[in-house]
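Data block below; observations after.
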Amino acid sequence: SATNLRADGIGTICGKLYIGTAENIPPSELIDTTGAGDAFAGAVLYAICANFATEKMLCFAANVAAAKCRALGARSGLPRYNDQRIASFMQ
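Under UniProt numbering, the first residue of the sequence shown carries the number 1, and numbering increases by one thereafter.
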């Protein structure tokens, strides 16, 4: 389980430290953080079901949450499966 969330990424998962997995959003692109945590959690669940490696899962979830934060509302910014912002994770 995730035991520590940090500004620069996830802290530890199952005793292993992961730093640098956070997606940086320039202040000019940050619109709304409503639902960002839910987006992250949903992306983690998707990644687990898709058998992503932990490192890939965390980066994927951070990217999904960041994409959500670039739009107003809890759902409007969520990427779809074929969205170019997450295309590198879907290969």
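The beta-carbon is built from N, C-alpha and C at its ideal position, and this holds for glycine as well.
Closest residue to residue i among the options (Cα-Cα distance)
i     : options                    : result
Lys68 : Ala22, Ile86, Gly35        : Gly35
Gly42 : Ile25, Leu72, Pro79, Ala71 : Pro79
Per-residue burial, residue i [other beta carbons within 10 Å of its own, 16 or more giving buried]
i     : result
Ala47 : buried
Asn63 : buried
Gly37 : exposed
Ala87 : exposed
Test item: CB-CB of residue i and residue j under 8 Å
i     : j     : result
Ala66 : Glu23 : yes
Phe40 : Ala74 : no
Ile25 : Arg85 : no
task: Answer yes if the stretch 29-37 comes into contact with the stretch 55-62, meaning at least three C-beta pairs across the two stretches below 8 Å, and no otherwise.
output: Three or more beta-carbon pairs separated by less than 8 Å are not found between the stretch 55-62 and the stretch 29-37, which leaves the two stretches without contact.
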